[in-house]
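Counted the way UniProt numbering counts, the sequence shown spans residues 1 to 394. Even for Gly, the Cβ is constructed at its ideal location relative to N, Cα and C.
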Amino acid sequence: MKIVGNSLFQKAANSALILNFLRIHETCSRHKMAKELGLQPSTVSYIVGRMIKAGLVEEIHVPQAKTKGSGRRPILVQLIPQFGQVIGLDLQVDYYCAVICDVSGRVLKSQRREYESGKHDFQNLLTRTVEEVKQLIDPNVPILGMGLALPGIVNSKRSYVKDCWTHRLKELDLSDYLDKAFPFPVIIENDANCCAQNILWNQPETKDDSFIYLLSRFHKRELLPENLPSIGIGLGLVLNGELYTGVSDEAGEYQSIQFSKERQLKWQLSLSEKEMDRALYDMAIQEEIINELLTNMALILQVLNPRALFIGGDLANNSKLVKGILSSENNERWNRLTLKGCLFRIVEDGAYDPAKGAAACMLSELYAIPQVGSNHESKKKWNSLLSNIIEEKP
């Protein structure tokens, strides 16, 4: 759908503003929304009325005790969570994590399953997995869209995978397959970027927040095909309130400065294959990995000067070890960074962060303010959330 003309654009922009305001504040009066958003009260009333008609928003009548001189209590409105649900799927080489979120981003259900990789090609694996995940969803609540988190280099705007070594994908345009396979819109994003998007969507420090999410993955060797490393590392970068992907979508692709060119596989660390295969169970190997990662991250943090480094994924499961290293051998280095305002956060409950971030990517697209004259890559997005609100029906 192409947004043309100031009238249609203004309706879409104002609708998105009101949706986001209600998502963040949960309940609010029309008068307060108009004041906070700088809109005319009549504009807010008109849009909220269309949202109520569309089944996206409902009024809340709160009883008020009658007292002398008391005025009329404003009627509050809120989003209706049952308007629709969004799938967030983190599809790895040997397992998937999935979440089901309502329109506000609240996680309703979650699921994790392991499988032996290589038995299905990527498209069959994705189709089969989505059908399995859909069993978690109330059939009476429509699916508004799905966010898909993948390792590797991804262009989310084009549904294009430049390189995903875990699923053997290279220079592949998935837009036609996604449109034909699913009746709802699908957004693909790098898994570490999804982790960053999860924080950006749910708990940013400020609207201009800057931080890095370090995602570590340990895979079971027995579930992997040969010639695939059992450890994956990625960085999600948020600079000045925006997810930063770089000029070729490769921002955050990690490779240690201790990396050896003699390695034959796509290593990111200086460890041998046998050492990486033991990392899931060997604390000494994990300590070596943490030291190597932090040595590399120190330079990145020094240059970018972000608010925080979030350490998530499998290394975060050993938070005691990470905290010990931060407070001992690297104490002076990290103290200097802390004095510059960089905080260190270990995400101990982040197993579903990529899946939740994938759902957040889809939700942020559904709530986004469109650009005048822009062509939306999939009209299905507009048939999901805003079409009943911004498009006049006969």
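Sort L178, M362 and Y367 by Cα distance to I100 and report the nearest one. M362
Proximity to Y160 [Cα-Cα], best of C194, S248, Y95 and D102: S248
Member of L280, A284, Q255 and E275 whose CA lies at the smallest distance from the CA of L293: Q255
Can you name, in chain order, every residue of its own chain whose Cβ lies under 6 Å from the Cβ of K32, other than the five neighbours on each side? none
What is the rounded straight-line gap between the Cα of G234 and the Cα of C195? 10 Å
In whole angstroms, give me the CA-to-CA distance for A298 and N227. 30 Å
Exposed or buried, G373, counting other C-beta atoms within 10 Å across all chains shown (16 or more means buried)? Only weak support exists for where G373 lies, its pLDDT of 48 falling under 50; the coordinates are left without a value.
Straight-line Cα distance separating E242 from N318: 30 Å
Using the beta-carbon count (16 or more within 10 Å), is T338 buried or exposed? exposed
Residue nearest to V103 in terms of C-alpha spacing, selected from G145, G232, D90 and E132: G145
Can you give me the C-alpha to C-alpha distance between A308 and V322, rounded to a whole angstrom? 15 Å
Where does the unbroken beta strand (DSSP E) through V154 begin, and where does it stop? I153 to N155
Straight-line Cα distance separating E273 from Q264: Annotation note: pLDDT 48 at Q264 (below 50); position unreliable, no value reported.
What residue range does the alpha helix (DSSP H) around D163 cover? Where D163 is concerned, there is no enclosing alpha helix (DSSP H), although the beta strand (DSSP E) it sits in stretches over Y160 to C164.
Let me confirm a value: N124 is counted as buried when at least 16 other C-beta atoms fall within 10 Å, else exposed. Which label applies? exposed
Spatial neighbours of K356 within its chain, please: CB distance less than 7 Å, with the 5 preceding and 5 following residues excluded, ordered by chain position. G88, V99, V107 and N198
Distance check for W201 and A12, CA to CA, integer angstroms please. 20 Å
So if DSSP puts M146 in a beta bridge, which residue, or which two residues, is it bridged to? I87 and V186
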